[in-house]
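Chains C and D, in that order, are what the protein sequence lines are.
Residue 71 in the working numbering sits at position 71 of the first sequence, and the numbers go up by one each step.
When you read off a place in the second sequence, starting at 1, and then add 224, the result is the number in the working numbering.
Structure, as structure tokens:
There are 2 protein chains.
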Amino acid sequence: MNCQECLHKVCAISRLRPDELERIGKNCSRVRYKAKEKVFKQGTPASHLIYIKSGLLKSHFIESNDKEIIIDLFYDNMFLGMHSIYTGGVHQYSATVIQDAELCFIESSAFRDVVINNGGFAAEMMAATCSDSMHVFHRLRSMIRKQLPGRFAEAILIFSDEIFMSDQFTLPLSRNELAEFLGSTRESVTRTMTEFRNDKIIELNGKDVRILTKELLKTISELG
Amino acid sequence: MNCQECLHKVCAISRLRPDELERIGKNCSRVRYKAKEKVFKQGTPASHLIYIKSGLLKSHFIESNDKEIIIDLFYDNMFLGMHSIYTGGVHQYSATVIQDAELCFIESSAFRDVVINNGGFAAEMMAATCSDSMHVFHRLRSMIRKQLPGRFAEAILIFSDEIFMSDQFTLPLSRNELAEFLGSTRESVTRTMTEFRNDKIIELNGKDVRILTKELLKTISELG
DNA sequence: TCGAGAATGTGATACAGGTCACAGTTTTTT
DNA sequence: AAAAAACTGTGACCTGTATCACATTCTCGA
Numbered sequence: 001m002n003c004q005e006c007l008h009k010v011c012a013i014s015r016l017r018p019d020e021l022e023r024i025g026k027n028c029s030r031v032r033y034k035a036k037e038k039v040f041k042q043g044t045p046a047s048h049l050i051y052i053k054s055g056l057l058k059s060h061f062i063e064s065n066d067k068e069i070i071i072d073l074f075y076d077n078m079f080l081g082m083h084s085i086y087t088g089g090v091h092q093y094s095a096t097v098i099q100d101a102e103l104c105f106i107e108s109s110a111f112r113d114v115v116i117n118n119g120g121f122a123a124e125m126m127a128a129t130c131s132d133s134m135h136v137f138h139r140l141r142s143m144i145r146k147q148l149p150g151r152f153a154e155a156i157l158i159f160s161d162e163i164f165m166s167d168q169f170t171l172p173l174s175r176n177e178l179a180e181f182l183g184s185t186r187e188s189v190t191r192t193m194t195e196f197r198n199d200k201i202i203e204l205n206g207k208d209v210r211i212l213t214k215e216l217l218k219t220i221s222e223l224g
Numbered sequence: 225m226n227c228q229e230c231l232h233k234v235c236a237i238s239r240l241r242p243d244e245l246e247r248i249g250k251n252c253s254r255v256r257y258k259a260k261e262k263v264f265k266q267g268t269p270a271s272h273l274i275y276i277k278s279g280l281l282k283s284h285f286i287e288s289n290d291k292e293i294i295i296d297l298f299y300d301n302m303f304l305g306m307h308s309i310y311t312g313g314v315h316q317y318s319a320t321v322i323q324d325a326e327l328c329f330i331e332s333s334a335f336r337d338v339v340i341n342n343g344g345f346a347a348e349m350m351a352a353t354c355s356d357s358m359h360v361f362h363r364l365r366s367m368i369r370k371q372l373p374g375r376f377a378e379a380i381l382i383f384s385d386e387i388f389m390s391d392q393f394t395l396p397l398s399r400n401e402l403a404e405f406l407g408s409t410r411e412s413v414t415r416t417m418t419e420f421r422n423d424k425i426i427e428l429n430g431k432d433v434r435i436l437t438k439e440l441l442k443t444i445s446e447l448g
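This is the structure we're talking about:
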């Protein structure tokens, strides 16, 4: 497996020495996934860390009833499953593909070996993990303080600024998944969306979104 | 500063070599704090990592209005501020003492040096950080799915099982702080509490709590 | 190509809990 | 010891959004 090509993209990987890169590469397999495929399931043994070469995934909790809760979204050049690797070796959440993805499965023992032997790499991974966690902490804040329009505006901004880097994009989530991401229900999300369209804040056509007044979106997101 | 005595309490610290322990110890100062004192404030430079020798603290976001949001609670033998150390060197949240505490301030550059040079220590710190983050992820889940009685029951169980290790304890939070922890308001928390008392689930006298039917609490917490 | 199941929009209704107002109590300050 | 400030309980009211029910419209496999 050729990990070289990921070198320039992920800061942490550039910290690896050639032999470590090989150690990881040898215990790493790249796999293509299609949308809706489950990558790993909460409760199963966490044998691998996932590196996302391309695509979009969600981490989510499985609930007793049918509803799920999306913890966060993961995309190009991110690692997924760190919390599971370091918490008893059992997956703490599920991961499912949202948009076709290319994933590298890194054997967790190989990964841990490298962390132990290379503190610089460990530090970079720590930084990445802390950053990911902070993102969820802010989502906690949003859930508590903001009401639906604020949370929806925030989500649109995340798609626009963090994921697609464009004011115009196709929503990768169904209305139902959007509800799971926003901690709401399908119906309420629908209503909020038509509301936003009527108010000329976004142009909305099925899953196609175009942001009309980004400033207003920011205001709504901040005021909740 | 004598870090030896913390050695047997915190797994990560036992990974340190004598010289590293000294490096940390030299750049570490222990300070007593009284309840309500602020340890660090969101937005300020993150120069130190906090080790909690004893006491109870909260990490919290500061909101534009007066209300706060308690992200999580920290107590004996936990580290606080890891996310800030590894995310741009600025504190990502505030930390305030709830019950008188003894804190060790570990110089962040010394800490980072040790992490880089000692992968075993890095791995342990990663484990601790991931575990703390997972706790917040579960709180996110609770905020979204459960309603107030469920969240309150959960909080009582956290106090009982994770913090005080007893069915009988004195609430360390005011009604208002409890509301900030539960993502609610003072009034609603009060009402929920009297409800629980009337239903003979807990005995309640000011801040003194005694759990009467733990099983019921668990059920309420799980069903939301 | 057709049918079945999933995804979406929309109305009517219910209710958990936020907000406001006020009173009593406890704690802190001077 | 008096005054101020913070904390707590309780009632009345209002609102955001969950829930239920149904009609349409897509999607994709047989």
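For every residue, glycine included, the Cβ atom is placed at its ideal position computed from N, Cα and C.
Please state the DSSP three-state secondary structure of C/A62.
The residue given as residue 62 of chain C occupies position 62 in the first sequence. With the sequence shown as reference, residue 62 of chain C is identified as Ile, and Ala is not the correct amino acid for it. Judged by DSSP in its simplified three-state form, C/I62 adopts strand.
Could you check whether the region 322-339 of chain D touches the region 139-155 of chain C, counting it as contact only if at least three pairs of C-beta atoms, one from each stretch, sit closer than 8 Å?
The region 322-339 of chain D is not in contact with the region 139-155 of chain C.
Here's the rule: buried if 16 or more other CB atoms are within 10 angstroms of the residue's CB, otherwise exposed. What is C/K36?
Position 36 of the first sequence, counted from the start, is the residue given in the question as residue 36 of chain C. It counts as exposed.
Contact between the region 394-409 of chain D and the region 418-425 of chain D: three or more CB pairs below 8 Å?
Short answer: they don't touch.
Out of curiosity, what's the CA-to-CA distance linking C/Q99 and C/L57?
Here residue 99 of chain C is taken as the residue at index 99 of the first sequence, counted from 1. Here residue 57 of chain C is taken as the residue at index 57 of the first sequence, counted from 1. The alpha-carbon atoms of C/Q99 and C/L57 are separated by roughly 7 Å.
Along the chain, where does the beta strand (DSSP E) containing C/D72 start, and where does it finish?
Translated into positions along the first sequence, residue 72 of chain C becomes position 72. For C/D72, the uninterrupted beta strand (DSSP E) run begins and ends at E68 to Y75, by DSSP.
Helix, strand or coil at D/E439 [DSSP, three-state]:
Residue 439 of chain D sits at position 215 when you count from the first residue of the second sequence. The three-state reading of DSSP puts D/E439 in helix, counting H, G and I together.
Output yes if chain D places a C-beta closer than 7 Å to the C-beta of C/I220; else output no.
Working through the first sequence from its first residue, we reach residue 220 of chain C at position 220. It does not; no Cβ of chain D falls within 7 Å.
Skipping 5 residues on each side, what residues in its chain have a beta carbon closer than 6 Å to that of C/H91?
In the first sequence, the residue the question calls residue 91 of chain C occupies position 91. Sequence-distant partners of C/H91 (beyond 5 residues in either direction) whose C-beta falls short of 6 Å from its own C-beta, in its chain, are F40, Q42, T44, A46 and S84.
Beta-bridge pairing of D/K262 - partner residues as DSSP gives them
The residue labelled residue 262 of chain D in the question sits at position 38 within the second sequence. The beta-bridge partner set that DSSP reports for D/K262 consists of D/T320.
Could you say if the region 114-133 of chain C and the region 340-347 of chain D meet the contact criterion of at least three C-beta pairs nearer than 8 Å?
With the cut-off at 8 Å, the region 114-133 of chain C and the region 340-347 of chain D touch.
Using DSSP with H/G/I as helix, E/B as strand and the rest coil, what is C/C130?
Here residue 130 of chain C refers to the residue found at position 130 of the first sequence. In the three-state reduction of the DSSP assignment, C/C130 falls in the helix class.
With burial defined as no fewer than 16 other Cβ atoms inside 10 Å of the residue's Cβ, what is the status of C/R141: buried or exposed?
Taking the first sequence and counting its residues from 1, one reaches residue 141 of chain C at position 141. Classification of C/R141: buried, given that the 10 Å Cβ count is 16 or more.
From the beta carbon of D/I340, is the nearest beta carbon of chain C less than 7 Å away?
The count along the second sequence starts at 1 and reaches residue 340 of chain D at position 116. For D/I340, the nearest beta carbon of chain C is closer than 7 Å to its own beta carbon.
Collapsed DSSP secondary structure at C/Q168 in the structure displayed:
By one-based count along the first sequence, residue 168 of chain C stands at place 168. The DSSP-derived three-state label of C/Q168 is strand.
Under 8 Å by Cβ, that's how I've got D/I276 and D/F285 pegged, so tell me the actual separation to the nearest angstrom.
Position 52 of the second sequence holds residue 276 of chain D. Position 61 of the second sequence holds residue 285 of chain D. Taking C-beta atoms under 8 Å as the contact rule, D/I276 and D/F285 fail to qualify, at a distance of about 20 Å.
Chain D contacts made by the region 161-194 of chain C, where a contact means CB separation under 8 Å
Within the region 161-194 of chain C, the residues whose Cβ lies closer than 8 Å to some Cβ of chain D are G183, listed in chain order.
Option in D/L327, D/D337, D/I435 and D/R415 with minimal Cα separation from D/S390
Sequence index remark: in the second sequence, residue 390 of chain D carries index 166 (1-based). Nearest to D/S390 by alpha-carbon distance, out of D/L327, D/D337, D/I435 and D/R415, is D/I435.
Just reading off the alpha helix (DSSP H) that D/L406 is part of, what are its end residues?
As a position in the second sequence, residue 406 of chain D is number 182, starting the count at 1. First-last of the alpha helix (DSSP H) with D/L406: R399 to L406.
Just to confirm before moving on: does the CB-CB distance between C/Y86 and C/S59 stay below 7 Å?
As a first step, residue 86 of chain C must be located in the first sequence, where it is residue number 86. As a first step, residue 59 of chain C must be located in the first sequence, where it is residue number 59. Contact flag unset, no.
Amino acids of chain C, ordered along the chain, whose beta-carbon sits closer than 8 Å to that of D/Q316:
Here the question's residue 316 of chain D lines up with position 92 in the second sequence. Those within 8 Å of D/Q316 in chain C are M134 and F137.
Going by beta-carbon coordinates alone, are D/G249 and D/I274 separated by less than 7 Å?
Locating residue 249 of chain D in the second sequence gives position 25, where the first residue counts as 1. Locating residue 274 of chain D in the second sequence gives position 50, where the first residue counts as 1. Going by C-beta atoms, D/G249 is not nearer than 7 Å to D/I274.
7 Å is my cut-off, CB to CB: does D/F329 come that close to chain C?
The residue labelled residue 329 of chain D in the question sits at position 105 within the second sequence. Cβ-Cβ to chain C under 7 Å: no for D/F329.
Between D/I358 and C/M143, which are expected to be in contact by the criterion C-beta below 8 Å, what is the C-beta distance as a whole number of angstroms?
Residue 358 of chain D sits at position 134 when you count from the first residue of the second sequence. Residue 143 of chain C sits at position 143 when you count from the first residue of the first sequence. As written in the sequence, residue 358 of chain D is Met, which differs from the Ile given in the question. Rounded to the nearest angstrom, the Cβ distance from D/M358 to C/M143 is 17 Å, too far for a contact under 8 Å.
Span separating the alpha-carbon of D/G312 from that of C/T129:
In the second sequence, the residue the question calls residue 312 of chain D occupies position 88. In the first sequence, the residue the question calls residue 129 of chain C occupies position 129. Looking at the two C-alpha atoms, the distance is approximately 13 Å.
Residue-level contact to chain D via CB, C/I202, 7 Å cutoff:
Position 202 of the first sequence, counted from the start, is the residue given in the question as residue 202 of chain C. False, the Cβ-Cβ gap to chain D never drops below 7 Å.
Show which residues of chain C have a CB atom less than 8 Å away from the CB atom of D/H272.
Taking the first residue of the second sequence as position 1, residue 272 of chain D is located at position 48. For D/H272, no chain C residue has a Cβ inside 8 Å of its Cβ, as the nearest lies near 16 Å away.
Excluding the 5 residues flanking D/S445 on each side, which residues of the same chain have their C-beta closer than 7 Å to its C-beta?
Position 221 of the second sequence, counted from the start, is the residue given in the question as residue 445 of chain D. When the five nearest sequence neighbours on each side are left out, the beta carbons in the same chain lying within less than 7 Å of the beta carbon of D/S445 are those of G374, A377, E378 and L381, in order along the chain.
So the candidates are C/E102, C/K67 and C/N65; which of them puts its Cα closest to the Cα of C/Y75?
Taking the first sequence and counting its residues from 1, the one referred to as residue 75 of chain C is at position 75. Distances from the alpha-carbon of C/Y75 to those of C/E102, C/K67 and C/N65 put C/E102 closest.
Which chain D residues are close to C/F61, counting only those with a beta carbon under 7 Å from its beta carbon?
Here residue 61 of chain C refers to the residue found at position 61 when the first sequence is read from its first residue. R365, listed in chain order.
Report yes if the C-beta distance between D/R415 and D/N400 is below 7 Å; otherwise report no.
For this step, residue 415 of chain D is matched to residue 191 along the second sequence. For this step, residue 400 of chain D is matched to residue 176 along the second sequence. For the pair D/R415 and D/N400, the CB atoms are not nearer than the 7 Å cut-off.
Output yes if chain D places a C-beta closer than 7 Å to the C-beta of C/M78; else output no.
For the purposes of this step, residue 78 of chain C is taken as residue 78 along the first sequence, with counting starting at 1. With a threshold of 7 Å between beta carbons, C/M78 makes no contact with chain D.
Backbone secondary structure at D/R241 - three-state DSSP:
Numbered from its first residue, the second sequence carries residue 241 of chain D at position 17. Three-state DSSP puts D/R241 in coil, outside helix and strand.
Along chain D, in chain order, which residues have C-beta atoms closer than 8 Å to that of C/Y51?
Counting from 1 along the first sequence, the entry for residue 51 of chain C is found at position 51. The premise fails here: C/Y51 is roughly 17 Å from chain D at the closest Cβ pair, so nothing lies under 8 Å.
So what does C/F105 bridge to, in DSSP terms?
Along the first sequence, one-based indexing puts residue 105 of chain C at 105. Beta-bridge partners of C/F105 (DSSP): C/S29 and C/I50.
Indicate the three-state DSSP secondary structure (helix, strand or coil) for C/V10 in the structure shown.
Looking up residue 10 of chain C in the first sequence gives position 10. Reduced to three states, the DSSP call for C/V10 is coil.
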